[in-house]
Amino acid sequence: MNRWLIISIYCWVGVAVSVDAADYLSDIKPVLKARCYACHGALKQKAGLRLDTAAAIRKGAKTDVVVVPGKPAESELLARVLSNAPEERMPPEGSLLKPQEVEAIRKWIGAGAPAPEHEEAEADPRDHWAFQVPVKVPLGKGAGNPIDILLEKNRVARSLKTQPLAERSILIRRLYLDLIGLPPTRAQLNDQRPWNEIVDELLKNPQHGERWARHWMDIWRYTDWYGLGKQLRNSQKHIWHWRDWIVESLNDDKGYNRMIQEMIAADELAPEDPEALRATGFLARNYYLFNRTTWLDATIEHTGKALLGLTLNCAKCHDHKYDPISSVDYYRLRAIFEPHQVRLDPVPGVMDFEKDGLPRVFDNHLDIKTYLHQRGDPKNPDKDREITPAVPAILAHFAPEIKPVQLPVYAYAPAARDHVQTTHLASARAAVEATQKELAEARKKAANAPKAQPKPKSSAPEPAPQFAFHDDFGKRNDELWEVIGRGWKFEKGAAHQTAATRDAERLALRQKLPRDFEMTCRYTHTGGSLYRSVTFRFDVTADRKYVNYVYTSAHAPGPKLHVAYTRDGASTYPPDGLVAQPIKIGTPYTLRLAVRGRLVNVWLNDKFQIAYTLPDRKPGGHLELSGFDATVAFDDIQIKSLPADLKLTESKNAAPELKPVGSVETIEAKLDAAKMKVASLEAMFAAEKARGDETAFQKASQLAARRAAEASKAVGEYELKAFATDGKKVKAARAKIANAEKLFAAAKQGKGTFTPLRAAKKSLETPAHKESQYPTVYPATSTGRRTALARWIISPKNPLTARVAVNHVWLRHFGEPLVGSVDDFGLRAKRPVQAELLDYLALDFMESGWSFRHLHRLITTSRAYRLSSSTVKTDSRTLTADPNNFYYWRMNTRRMEAQVVRDSLLQLAGVLDTQMGGPSVNPGDAVRRRSLYFKHSRDQQDKFLKMFNDADHLQCYRRTESIVPQQALALVNGQLAIEMSDLIAKRMEGDDFVELSFELLLGRKPESTERQACLKALDELKAIAKQGGKANPDQRARRGLVHALLNHNDFVSIR
Amino acid sequence: MDMNRRLFLGSTGLGFGSLALSSMLRGAEGVSQFAPKAKSVIWLFMRGGVSHMESFDPKPMLNKFAGQSINNTRFKYVQDPARLKKVRVVVVNDANGQQRNKIYPLQIGYKKYGQSGIEVSDWFPHIGSCVDDISVIRSMWTTDDNHGAQVQFHSGRHMLDPRVPTIGAWVNYGLGTLNENLPQFIGMGPRYFDRSDGHYLGPAYDEVRLKIDPNNPLDYAKPEGDITGEEQRLGFGLVNRLNRLNQKNYPNDAALEARIKSYELAYRMQTSVPGVVNFDTETDVTKKLYGFDQKETKPFGQQLLAARRFVERGVRFIQIMHGSGAAGAWDQHSNLKAKHSELAMQVDRPIAGLLKDLKSRGLLDETLVVFATEFGRTPGSQGSNGRDHHPYGFSVWLAGGGIRGGVAHGTTDEIGFHTEEHPHYVTDVHATLLHQLGLEAERMEVPGHKRLEADFGHIIKDIIV
């Protein structure tokens, strides 16, 4: 089938109607715009063809015409949109044009492709407003806040009249909630000082940093880590260091330009400043164990959206459809980030990275290459063309040059740091001290001990004679068993314990068992009360203070099988020795027990139950059968030596071997090893310190290598003594010694090497890696790529950065941004109504040294910020002309963010814990810290916060404000609100409870109708409480009123 | 009233659909775009990956070629690399999600059921008995070879793409409410790791999670403190009165109006919801139908009975997932026979009970029931007795709500590897479901969030009455 045929059919069915330029504008141009302009418009002109004006369409491509006016059948344009052949169809992606769209084109061509008059081509994307450097318009002569001057200019042009200023107490509440995220006290509400003094005081309040840090945490996608068990999968452990950096930076009024540089490249710009390194949590947060491309995609996408307002991510699989950003631009950005990885640096005094560590980035793979992924497919890189690092070409003219950075030793060799050396040496020296103590005790004990007795072998393989025992309990046999207790009856082929007791009634086997044995016993729980257990004890000493045992229990709430032990008369029931098992009365069970050394395996009815390692064994004890709170029938028992070749299941518990007091000789060897470890560390640290001076380093390395060999040998010698009885370990110790001797010899010849201490912990690049395969010393240079990127972002010539930032700040003071799409300033963002204001603020922000404090002050001291949010008495013209308040003739009412709702409840109740910083805390109603300290991740979010549109950890450039019944239920029924209502009511001092409550909770006095409603409710609540016989009806009624006011619309609103 | 404010775009749901606001915006019928066949959806999702060959797409060839390497059989062609390309890997070099070449025989028998004679495995005899009311789709495919496919099945987007709203959220977005006292989008059972549905539609479109516990069916359903019912009622009254009085000062404040309505609804809801999960009024016969008499079937049966009760009361979308654990319980990399038979037993009777109960009450015509899973399992064995993840071909089924009965639509090849006739991407199920609800997928788009063609899917016309 050829396409001409299809077209001719279309021609035939087409009915001639007059088509004019208006039809082109209404039916065709929108289709071309949506489907074709990306490649044939201002952004790109593939084949030299533009379709953005009728004239251009008629002009055609570089070499061909695409439209023959009046002759649709000869027009390539129509042929292409009709084709379904992959190599010719247009548009090449997505669905084909709809039949009615094609038909409109056909008719239009048939009518001679009439062009409208004065049709303008799409503007050059380079001319887009947001890509031009902002300019300050002259403010004119009038004095006053520039914000008000610029807003008023636009209002006057439209004859819009502003509302009056809001009531002062409402204003103060607004200011407190905006600047510190906590409501004012009544005294603060009545603060009579000049407005700017209050503003300045709040801006210097450390709680201001906490309030605004949470905003930036939204924008910068703060998230705590998640993973499986200890395995890190996303973000970083201890990422809270970055959160603290945000809070502190805001409180220090660090310039935003400096903040950006630190977040993207502190490791290059301030490599020896751990405080600044915290900032790179911005990048480290994107860590993703499973997929490097996902990780880097997130890095590129959100660096673009958060800092530049560019949707760079849209250029991953193809050139950007709207903005002048190519796919190559995308991979150039990837090349900037390609070398970087994440590691935890040690923090002073902590050796365990599970406890603490500083997440930071560093350039790890300096020579790694970047290729363009064709159509975004990582499996399909274009290897013919290496992509070099660069910023997007459209704004590259002011990009600084990329220069590699030489790093100090501190940065690339963490073991050279003073605090690392101090901590590790202190730990090694503590080990020496502890061993010295141990030795002293051993010597004392040895001196007091009676003459040496033969040492019982503890764990050597036991070539014991074959042991075999069987009893079917056909009759009582006192030669085999010592029968203790009066409940025992031997009848019907079983030994019955007929008394359910906790006394030590038991059958004790007279024969002694071999160390390694296997027991199989068939028995039935026949009754009893409470625990209803049947117990199999072994290794029972004469005083019965030492026992190992297994029991099954038909205890109703938690029937189970359990391995346990008694030491010095005290029983331990280890949780990892327990298997929940529905043991039933009256059901026969066969329990099989295999014991080898400390390892115990248990089966029930041939089904494997558990492997457990006992803390130790004491040979020579007895075996005992008994019930505990239980009557029981033992039917049959077999015991034999455990065959040496029988494979047992290893246990998961690592019950530490109870340390026997070691021999003096062993501990002396241990002490030697501990001392050698100190010496080895000292030598290694000296070598680390010598890094950078090649001769000194070489020399120190040899000593370090020698000391390391000596230390290793000393450990081997110690192990040889300590594990004298364990063949495998002895062999390993000998090998260790031999190896150490070899290393020592090499070092003596000047050919020694030492392994630097692993003082940092790099996050795995993929789950297939092991930490041990990574070097412990990192590259001494960094590519400088991220520094160049950061400097480009903060260049005063960058038209985006400051605009995007002030837009975010404006949004959070006024409830609406100046540019609606806060993360997209690309071509889809039309020039905003308040463009002059935006530009003024952006320039003023940069001129102030990128000071947020300056910006907040400018905004909050404006008249616009202080307008009333009410529309009462609004000029009706204004209301009709601008109902959406685009011109800020009033303040917008906003709902508190989730964190502010919760923090306010705690603050008003006087229970807010104002402690700043530190590890994130688990969410929950009982926590009293500010909400920004909650763990916030894929797997952890506070339930209460979630109801109030908490930040989405994946992307939250702007909070959603929903109004739904669950918020009502959370505030009406939630524990937090109820508890806080009670506390708030109790704190209120004064006569007029209604007025006090209104002021404190809503920031204004009640009107008379409101007062009456409240008084009536108080009376009713009190009456109900009295009727119900509740304690303290007054307080209960007051709590009720406070609780209602917390549910008042204006409590969660910032008016 | 000023309804253009952004906050309302995201405020019309939270699983409460159009209760407070969208009914004001759209009227009770929401944005239904043409006459609907179904009013509600019960979405049953088996987490972990149900073996299609051992459920709804039996493959005798697996028995015939058991133990042979696929490459040594005439089915070698299935492993043509070009045919394996679609998959996008999240967890690079994972031990799971691999090709398994040794053909593993069926671990259970199967037989024909009903007049249609559709073959169903012996692990699902009760569902089998309903097969004449069901359209089985045996030709599903997806592109994620790991459990991120659960995200994909609900949203249409691969795990490596940005998160977008799930089908439940779209339904909730598109439809108006039928009951102003209940949430419109309810979730029960173990959720996959992404716990949001609304995404860019906002948390207002997330499912409302319920537990089968009349005393505590949803978060904050009753006071977590010493507050009596009477006190609470008085409190609600006072809040309402004060908010109304405040309207004098803020006459054009739509948020205030919405808040007042949300409190009215909250009050009604906290009394309505517990009643729905209270089964006292259900007969023993009904309870038995859902498997209340067996401890294995009771938990799932309770959720399904609750689902029917919600459907009766006009709730639009009830999603119930089965199979807990990070990956989902159906993930039988080993021990397939024992575990699949155990899991199938937990759901088989209750699901059949649900279908029969809906039918006998005349509700099946207007209730669409979906049975789905994220992918199938490999025709080859993993280890000695398991099957790996299989995104290239798997089965789901639909019933009720204008779906034809006794239809087996689409096929996989003889060993269940690739789809053959009528392949369907996961969003085709979404498109079909939306169509039955009277919604046109393409019309549901929010400014600033371009949807792709694949997001919309294609209606599976062959299974529609």
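Each protein sequence line maps, in turn, to chains A and B. Residue numbers for the first sequence follow our numbering, so the first one is 18 and each next one is one higher. Residue numbers for the second sequence follow our numbering, so the first one is 593 and each next one is one higher. We put the CB at the ideal spot given by N, CA and C, even for glycine. Since the model is a prediction, treat every value here as computed from it, not as a measurement.
Check	Outcome
Chain-ordered chain A contacts of V869(B) [CB-CB under 7 Å]	The premise fails here: V869(B) is roughly 16 Å from chain A at the closest Cβ pair, so nothing lies under 7 Å.
Buried versus exposed call for L306(A) [16 or more other C-beta atoms within 10 Å across all chains shown]	buried
Contact between the stretch 715–722 of chain A and the stretch 690–704 of chain A (3+ Cβ pairs under 8 Å)	yes
Option nearest D44(A) by Cα separation, candidates I126(A), R883(A), R106(A) and E91(A)	I126(A)
Length of the line joining the Cα atoms of W257(A) and R919(A)	20 Å
Contacting residues, own chain, Cβ-Cβ under 7 Å from V712(B) (five flanking each side not counted)	F648, Y702, Y705, I719, G720 and V723
Residue(s) in a DSSP beta bridge with E535(A)	A611(A) and K657(A)
Check whether V422(A) and E285(A) have beta carbons under 9 Å apart	yes
Status (buried if at least 16 other CB within 10 Å, exposed otherwise) for E104(A)	exposed
3-residue-minimum beta strand (DSSP E) runs that sit fully inside the stretch 770–795 of chain B, ordered along the chain	777–780
Residues near R829(A) by beta carbon distance below 7 Å, same chain, minus five either side	H232
Where the stretch 871–901 of chain A meets chain B: residues whose CB sits under 9 Å from a CB there	S886, S887, T888, V889, T891, L896, P900 and N901
Contact set between R955(A) and chain B, taken where Cβ atoms lie within less than 9 Å	F785, D786 and R787
Contact between the stretch 774–793 of chain A and the stretch 120–135 of chain A (3+ Cβ pairs under 8 Å)	no
Below-9 Å beta-carbon distance, K63(A) vs any chain B residue	no
Sequence-distant residues of its chain with Cβ nearer than 7 Å to P849(A) (five each side left out)	L835, V836 and L855
Segments of 4+ residues assigned as alpha helix (DSSP H) that fall wholly inside the stretch 922–991 of chain A	960–964 and 982–990
Buried versus exposed call for F625(A) [16 or more other C-beta atoms within 10 Å across all chains shown]	exposed
Where the stretch 670–685 of chain B meets chain A: residues whose CB sits under 9 Å from a CB there	K677, R680, V681, V682, V683, V684 and N685
Among K657(A), L642(A) and T387(A), nearest to A650(A) - alpha-carbon criterion	L642(A)
Residues sharing a beta bridge with N565(A), DSSP	F555(A) and Y582(A)
Neighbourhood of L219(A) by C-beta, 8 Å cutoff - its chain only, sequence neighbours within 5 removed	L192, Y193, L196, I197 and H225
Amino acids of chain A, ordered along the chain, whose beta-carbon sits closer than 8 Å to that of A918(B)	L245
Three-state secondary structure assigned by DSSP to Q358(A)	strand
Chain B within 9 Å of S112(A), Cβ atoms only	yes
Status (buried if at least 16 other CB within 10 Å, exposed otherwise) for N815(A)	buried
Chain-order list of residues whose beta-carbon lies under 8 Å from that of Y243(A) (same chain, five-residue window excluded)	R250, N251, S252, S954, R955, D956 and Q957
Separation of Q924(A) from A174(A), as counted between CA atoms	44 Å
Reduced DSSP category for V84(A) - H, G, I as helix; E, B as strand; rest coil	coil
When I411(A), Y427(A) and N397(A) are compared against P363(A), the one with the closest alpha-carbon	Y427(A)
Residues near R351(A) by beta carbon distance below 7 Å, same chain, minus five either side	L313, I317 and T387
Same chain, Cβ closer than 7 Å to V452(A), neighbours up to 5 away in sequence not counted	What sits at residue 452(A) in the sequence shown is Thr, not Val. Contacts found: I684, K687, L688 and A691.
Listed by chain order, chain A residues near I819(B) by CB distance under 7 Å	I995
Three-state secondary structure (DSSP) of L1013(A)	helix
Other residues of its chain near R609(A): CB distance less than 6 Å, five sequence neighbours each side excluded	T537 and W620
Under 7 Å (Cβ pairs) to chain A, residues found in the stretch 998–1020 of chain B	none
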